[in-house]
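One point on numbering: in the working numbering, the residue at position 59 of the sequence shown is 613, and numbering is uninterrupted.
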Amino acid sequence: MSKILRAYVRRILTEEYQSHTFEPRLGDPVVNVNTQCKHYGSRGVVMDIAELPDDAGKTIVYHVTNDGDTYSIGDVLEKTMDQLAPGDER
């Protein structure tokens, strides 16, 4: 059993993963880094943070500050925290 467990842990450690240590606060800049999302590349400022049920994480609501093909300045988007990274605007 321990051999199977070690192999499983080794596989987990070598897989790419998104760190969830970034937790924005109200007013923080964020950028959507999820390449599979239609709002990829959107930047904005955090307006609200909500807890998902059953401790499944958080959603971030942000006010968009740039234009893209599927979003515009002034849009309000809501994404799960794992889709976002710290932005560079203030």
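Ideal placement from N, C-alpha and C gives every residue a C-beta, glycine not left out. It should be emphasised that the depicted structure is a prediction, and the values quoted were computed from it without experimental measurement.
Neighbourhood of residue i by C-beta distance below 7 Å, restricted to the same chain and skipping five residues each side
i	result
residue 594	586 and 588
residue 634	611 and 613
residue 619	597, 598, 599, 627 and 643
residue 591	637
Buried/exposed call for residue i, threshold 16 Cβ in 10 Å
i	result
residue 628	exposed
residue 580	exposed
Beta-carbon proximity of residue i to residue j, cut-off 8 Å
i	j	result
residue 578	residue 638	yes
residue 616	residue 631	yes
Same chain, Cβ closer than 6 Å to residue i, five either side skipped, listed in chain order
i	result
residue 641	583, 584, 585 and 597
residue 604	613
Own chain residues within Cβ distance below 8 Å of residue i, not counting five before or after
i	result
residue 576	635, 638, 639 and 640
residue 621	627
Straight-line Cα distance separating residue j from residue i
i	j	result
residue 623	residue 609	33 Å
residue 560	residue 625	45 Å
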